[in-house]
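Q:
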Amino acid sequence: MAQKEYKRKAELSSQSQEAYQSGDGAEAKRLSEKSKEHAAKMDEYNAKAAEFVFRANNADSEADEIDLHGLFVREAIEYLEKRIEAALQRKESHLDVIVGKGLHSEHGAKIKPAVEEMCEKYKFKYSIDDDNSGVIIIDFSGSGGHVPLSKLSARPPKKSNKVSHKMHGSNYGGNNQGNNNYHQQQQSHGNNGGNYDLLKKIFCGVFKFLLKKL
């Protein structure tokens, strides 16, 4: 749906430019306004799809984790900023940010450098997980930018009695590199095991959700 709206927006924008260049200002304005309407619908569809993906990915996350994979960079940063604001209000000590490694992204990792840039901007102390380079650990106990993992303050144990499967399980390329099939930037990914089934459910759900809105 979003792609359809994007295509229509681009068509109308092009037609608006043509009308303007031909001297028909009124028609150019009308087409421009129509283009903006389709742009707004596109953003609405993208936001709903992003929310669905985010909720699905974080349904089984630990309380001190946020999973951003599968989102566009802008969406990921928006969700992360809200989560950090909540963490600071609750005086949480740290946050584990699952960003992925970008192995299945055409141009490499996008979310990871954006999160690092955000941490540098706000002077958050952070480090990359030694066991999983697709996880950024933000330490709220002080400022300092990027530091070695050993320089972060001690983290409280997980509420569950096991390390989160997202942090060190096969889906996120911890120590098991052979099954690193997370979904990055809504692009193609591997067809193995749980990730494939999860994505089928996500996109089927998004499709059904959007159909109800038509």
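If you count the sequence shown from 1, position 82 lands on 82 in UniProt numbering, and the numbers rise without skipping.
Glycine residues also receive a C-beta, built at the ideal position from the N, C-alpha and C atoms.
Using only the alpha-carbon positions, how far apart do Lys36 and Met118 sit?
A: Rounded to whole angstroms, Lys36 to Met118 spans 30 Å at the Cα level.
Q: Within the continuous alpha helix (DSSP H) that includes His38, where are the two ends?
A: It spans 25 to 58 - the alpha helix (DSSP H) in which His38 sits, taken as one unbroken run.
Q: Which of helix, strand or coil does DSSP assign to Val135?
A: Looking at Val135 - three-state DSSP - the assignment turns out to be strand.
Q: Report the three-state DSSP secondary structure of Glu92 (helix, strand or coil).
A: Note: Glu92 maps to coil in three-state DSSP.
Q: With DSSP as the reference, label Ser14 as helix, strand or coil.
A: Residue state, collapsed to three classes: helix.
Q: Strictly by DSSP, which residues pair up with Lys125?
A: Note: Lys125 sits in a beta bridge opposite Asp139.
Q: Between the segment 51 to 67 and the segment 85 to 101, are three or more C-beta pairs nearer than 8 Å?
A: Verdict: yes, contact present.
Q: Could you tell me the distance, in whole angstroms, from the CA atom of Ile77 to the CA atom of Lys7?
A: When rounded, the distance between both Cα atoms is 26 Å.
Q: State the DSSP-derived secondary structure class of Val97, mapped to helix, strand or coil.
A: Correct three-state label for Val97: strand.
Q: Give every residue of the same chain whose Cβ lies closer than 6 Å to the Cβ of Gln89, excluding the five residues on either side of it in the sequence, and list them in chain order.
A: Taken in chain order, the list of residues that qualify is empty.
Q: Please confirm if the segment 23 to 35 is in contact with the segment 53 to 61, defined as three or more CB-CB distances below 8 Å between the two stretches.
A: As far as the Cβ criterion goes, the segment 23 to 35 does not touch the segment 53 to 61, which means the pair count is below three.
Q: CA-CA distance, His38 and Leu12?
A: Roughly 9 Å between the two C-alpha positions.
Q: Quick one: residues in its chain with C-beta nearer than 8 Å to the C-beta of Gly142, no 5 flanking neighbours on either side, listed in chain order?
A: Excluding residues within five positions, the ones whose Cβ falls inside 8 Å are Lys125, Ser153.
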